[in-house]
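Report on one structure; see the data block that follows.
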DNA sequence: AGCAAATTTCGTAGCGCTGCGATGCAAGCC
DNA sequence: GGCTTGCATCGCAGCGCTACGAAATTTGCT
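Protein chains in written order, with UniProt numbering: chain W, 1 to 345; chain Z, 1 to 345.
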């Protein structure tokens with residue numbers, strides 16, 4: 001029984017580790033060891049291997065490596081949208097932490113759709129990533145089941161206060177809303193409104209609105225007007241919602257927005273209508289985006305720890321690298337936020 | 001010679017395809033076939049497999065699959081930065097095209113650093129992606145060598161006019177600059193300036209500036225003032241550069257910016273100084289970002305085909321899926337751009 | 001020098017899956 | 001009936017690499 005047709009399989013790589021080993025006159029194990037832990041190989045042989053790698057243009061296969069090592073150097077990040085400076089900042093910071101360690105980011109965006117989130121989590125797990133990062137503490141049944149059943153570390157970011165699957169890194173959105181309200185109250189504002197985008201889907205925006213309302217009650221103020229829109233945050237929506245708020249009887253004198261982009265739109269609307277900010281209307285945003293410090297007037301806003309979240313998660317992932325067990329119990333890291341007062345309030 | 005210590009290796013998966021096969025009383029090949037091409041398996045057996053998959057919570061391993069199939073369902077995307085609405089839009093569109101086909105995006109950002117680009121390309125290739133997407137036509141020596149040596153399809157996006165490695169999908173930035181200039185000239189502006197960010201690193205911003213200058217010469221105008229900054233585009237930088245431009249003797253009456261964010265900053269600066277736009281100064285941006293239609297005054301800008309690039313690349317990747325050979329010769333797809341006139345000019 | 005200990009190198013057995021050809025079996029044809 | 005044809009299913013040999021333990025070599029110590 002001999003091979004009649006020698007099976008010819010499609011090859012993936014041009015140069016394999018075995019070829020490098022042969023050219024350097026060492027065993028494949030040594031090449032592998034050198035590539036992973038150069039310190040454990042004698043300098044002479046190391047140099048020889050390095051030379052051959054360079055000469056042959058060898059590129060290791062993470063696919064094969066991941067299979068053999070039962071785990072890849074990839075981190076799955078699943079966010080609602082990347083067209084949003086909040087998450088983009090976190091992702092960039094995370095990437096900056098992870099890149100030196102040779103990690104790759106696997107990106108997915110759910111567009112605030114739970115069933116897409118589940119599909120993405122499933123795909124993510126198929127890659128056997130070193131960790132999986134997703135936004136928020138609320139997930140669909142199926143998603144939760146998938147995540148609870150995996151040994152992969154799970155990081156839930158940009159939210160605090162619920163019960164995380166593994167580790168949460170974020171801050172309290174209710175507290176953000178309450179802070180905005182207290183600030184406006186301190187500035188003497190009494191008739192307030194909250195302008196939000198995507199309030200149905202974005203639980204965190206809703207939490208900020210709730211915190212705003214709650215703090216108003218605590219301060220003995222008239223319940224604030226809560227206005228929302230289905231669309232994503234934009235200056236256009238901000239302008240439109242402000243117009244709506246102004247049309248309501250009983251003149252408002254202060255607003256908070258779920259996003260600086262909305263706040264900027266409100267500022268534009270004020271400019272169009274000749275409303276003095278902060279004289280007639282105080283405006284507080286959320287996000288401290290690129291333009292917030294230099295618009296007219298500069299925007300008072302609440303700065304979330306976007307980059308800090310990315311950095312912290314990056315750090316935790318590396319810390320957990322070798323560790324097989326998840327921590328004894330789920331943990332939450334509250335990174336807080338900061339009110340940045342500028343001239344719009 | 002018997003196994004004294006039965007080698008125990010770390011397992012990657014909780015449930016493997018073999019276990020699914022056993023539970024469904026079929027061979028692993030059939031499970032694999034069903035998962036990849038359900039139509040080629042009889043309905044009865046297909047249903048049985050589906051049931052077992054669900055019951056066991058089986059998640060296939062793309063790592064093992066990719067190794068066996070010599071190629072993975074991942075697409076590497078390497079951009080200068082994701083903190084920029086331009087590229088974020090392209091990535092989102094690409095993701096939307098690819099997600100239904102089960103692809104994953106591998107993201108990297110170079111921060112406009114060529115050596116980081118090379119490192120990222122190397123990492124990307126290690127994943128044996130179905131395609132690799134990067135921004136621009138200019139790459140370091142090493143990067144180019146890596147890309148020329150791979151059978152993986154390479155897409156260079158957001159630029160046209162050079163010689164692509166494989167396929168380019170973008171538009172002409174020089175032409176963007178020229179269009180901005182011609183528009184300003186038509187509106188009767190004669191003393192012009194161009195405000196750019198990251199001009200050293202961002203070749204495309206430079207090309208827009210060059211096109212602006214070139215068209216000015218062609219129109220017989222005084223050579224425009226070209227002002228740049230090292231930092232990334234921001235309203236703050238836009239305001240500062242406008243201040244610089246206004247300080248130069250010989251009053252300017254029209255500006256073009258390398259980015260709508262810069263243009264917005266210029267508008268803010270005008271507002272602060274009481275300069276009438278477009279009366280005393282016409283402003284043209286680039287990007288048509290979210291706020292551009294609703295700022296004060298609404299911004300005339302040039303809209304790049306951000307999403308169209310993503311969609312087109314997504315389409316091309318799927319088209320190339322089974323095909324082993326790259327197209328006969330490199331190709332370029334010019335998606336054009338559009339001047340959107342609003343009230344700032 | 002002689003021996004134990006430490007360090008460096010190697011051989012081998014998979015990781016979980018897919019592609020290829022083979023096999024079995026029912027249907028179609030002369 | 002004997003033959004081909006077509007279809008569904010199966011068996012097996014890897015894909016390229018890493019973990020593990022063992023072998024070979026060097027080092028340290030008396």
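No residue lacks a Cβ here, since even glycine has one placed at the ideal position from N, Cα and C.
{"Asked": "Considering only C-alpha positions, which residue in the set W:271, W:287, W:289, W:61 is nearest to residue 281 of chain W?", "Found": "W:271"}
{"Asked": "Could you tell me the distance, in whole angstroms, from the CA atom of residue 142 of chain Z to the CA atom of residue 53 of chain W?", "Found": "14 Å"}
{"Asked": "When the Cα of residue 154 of chain Z is compared with those of Z:113, Z:242, Z:316, which residue comes out closest?", "Found": "Z:316"}
{"Asked": "Say whether chain Z places a C-beta atom closer than 9 Å to the C-beta of residue 191 of chain W.", "Found": "no"}
{"Asked": "Give me the Cα-Cα distance between residue 83 of chain W and residue 247 of chain W, rounded to the nearest whole angstrom.", "Found": "31 Å"}
{"Asked": "Is the stretch 293-301 of chain W close to the stretch 126-133 of chain W, with three or more CB pairs under 8 Å?", "Found": "no"}
{"Asked": "Taking only the alpha-carbon atoms, compute the straight-line gap between residue 286 of chain W and residue 341 of chain W and give it to the nearest angstrom.", "Found": "11 Å"}
{"Asked": "Taking Cβ positions, are residue 277 of chain Z and residue 284 of chain Z nearer each other than 9 Å?", "Found": "no"}
{"Asked": "If you scan the stretch 67-134 of chain W from start to end, which runs of the alpha helix (DSSP H) of 4 or more residues do you find wholly inside it?", "Found": "85-98, 114-126"}
{"Asked": "Taking a Cβ distance cut-off of 9 Å, strictly less, list which residues of the stretch 91-116 of chain Z are near chain W, in chain order.", "Found": "91, 92, 95, 96, 99, 102, 103, 104, 105, 106, 107, 108, 109, 111, 116"}
{"Asked": "Can you say whether residue 90 of chain W is buried or exposed, counting buried as having 16 or more other CB atoms within 10 angstroms of its CB?", "Found": "buried"}
{"Asked": "Are the stretch 193-202 of chain Z and the stretch 144-159 of chain Z touching by the rule of at least three beta carbon pairs closer than 8 Å?", "Found": "no"}
{"Asked": "Taking 8 Å as the cut-off, does the stretch 240-254 of chain Z touch the stretch 223-231 of chain Z (at least 3 CB pairs, one atom from each stretch)?", "Found": "yes"}
{"Asked": "Run through the DSSP bridge pairs and tell me what residue 170 of chain W is partnered with.", "Found": "W:334"}
{"Asked": "Which whole-angstrom value is the C-beta distance of residue 56 of chain Z and residue 15 of chain Z, which I expect to be below 8 Å?", "Found": "5 Å"}
{"Asked": "Any beta-carbon of chain Z closer than 9 Å to the one on residue 305 of chain W?", "Found": "no"}
{"Asked": "Could you check where the alpha helix (DSSP H) with residue 256 of chain W kicks off and where it finishes?", "Found": "Looking at the DSSP string, residue 256 of chain W is not in any alpha helix (DSSP H); the run it does join, the beta strand (DSSP E), is 254-257."}
{"Asked": "Compare the C-alpha of residue 135 of chain W against each of W:149, W:113, W:152 and name the closest.", "Found": "W:113"}
{"Asked": "Give the secondary structure of residue 317 of chain Z by DSSP, where H, G and I count as helix, E and B as strand, and everything else as coil.", "Found": "helix"}
{"Asked": "Put residue 156 of chain Z into one of helix, strand or coil per three-state DSSP.", "Found": "strand"}
{"Asked": "With distance defined between alpha-carbon atoms, name the residue in W:301, W:333, W:321 nearest to residue 310 of chain W.", "Found": "W:333"}
{"Asked": "Is there a Cβ of chain Z sitting closer than 9 Å to that of residue 261 of chain W, yes or no?", "Found": "yes"}
{"Asked": "Does residue 60 of chain W come within less than 9 Å of chain Z when only Cβ atoms are used?", "Found": "yes"}
{"Asked": "So what does DSSP say about residue 229 of chain Z, is it helix, strand or coil?", "Found": "strand"}
{"Asked": "Given a limit of 8 Å on CB to CB distance, which residues of the stretch 278-290 of chain Z reach chain W?", "Found": "290"}
{"Asked": "Can you list, in chain order, the residues of its chain with a C-beta nearer than 7 Å to that of residue 216 of chain Z? Leave out the 5 residues immediately preceding and following it.", "Found": "181, 192, 223, 224"}
{"Asked": "Count the other CB atoms within 10 Å of the CB of residue 99 of chain Z; is the residue buried (16 or more) or exposed (fewer)?", "Found": "buried"}
{"Asked": "Could you confirm whether any beta carbon from chain Z is found closer than 9 Å to the beta carbon of residue 224 of chain W?", "Found": "no"}
{"Asked": "Going straight from the alpha carbon of residue 292 of chain W to that of residue 242 of chain Z, what length do you get?", "Found": "18 Å"}
{"Asked": "Quick check on residue 309 of chain Z: does DSSP put it in helix, strand or coil?", "Found": "helix"}
{"Asked": "Does residue 2 of chain Z come out as helix, strand or coil in the three-state DSSP assignment?", "Found": "The predicted position of residue 2 of chain Z is uncertain, since its pLDDT is 34 and thus under 50; no value can be drawn from it."}
{"Asked": "So, does the CB of residue 22 of chain W fall closer than 9 Å to a CB anywhere in chain Z?", "Found": "no"}
{"Asked": "Measuring straight from C-alpha to C-alpha, what distance separates residue 267 of chain Z and residue 190 of chain Z?", "Found": "19 Å"}
{"Asked": "Rounded to the nearest angstrom, what separates residue 87 of chain Z and residue 88 of chain W at their Cα positions?", "Found": "11 Å"}
{"Asked": "Measuring CB to CB, does residue 64 of chain W end up less than 9 Å from residue 48 of chain W?", "Found": "no"}
{"Asked": "Please check the pair residue 107 of chain W and residue 107 of chain Z, which I expect to be a contact at CB under 8 Å, by giving their CB distance rounded to whole angstroms.", "Found": "4 Å"}
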